[in-house]
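The structure appears right after this line, and notes come after that.
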Amino acid sequence: MKYRYKRHITNTLLYAIIITAIMAILRQYSHVGVIIFGVVSILALGADRWVENKYLKEVEGKIIPPKP
-19 MKYRYKRHIT NTLLYAIIIT AIMAILRQYS HVGVIIFGVV SILALGADRW VENKYLKEVE
41 GKIIPPKP
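This is the structure:
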C-alpha cells in the first residue's frame, strides 16, 4: 500500500509541475485561459484523488497477490 501512496503523491506533484508550466505559458497570452485551465486542472486532480479513494475503499479487507 505504501507504494500506491508514493505513486499517488508523485503523480500529484507531476501534475502540479505540468500545470504550473502551462499556466506560465498561458499567462503571457490570456488571463481567461489561465483561469479556465486552472479550474480544469483542479477538477482533474480532484477526479484523480476520487478514483484513488474509491479504489482503496474497494481494496480494503481484500488480499491482493503481488503482480509478477
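Going by the numbering used here, the first residue of the sequence shown is number -19, and it counts up by one from there.
For each residue, glycine too, the CB sits at the ideal point set by N, CA and C.
Remember, predicted model here, so these are calculated numbers, not experimental data.
Nonlocal neighbours in the same chain, by C-beta distance under 6 Å from residue i, ignoring five residues either side
i     : result
ARG29 : none
SER21 : ILE(-1)
ALA27 : none
Sequence-distant residues of the same chain with beta carbon closer than 8 Å to residue i, five excluded per side
i       : result
TYR(-5) : SER21, ALA24, LEU25 and ASP28
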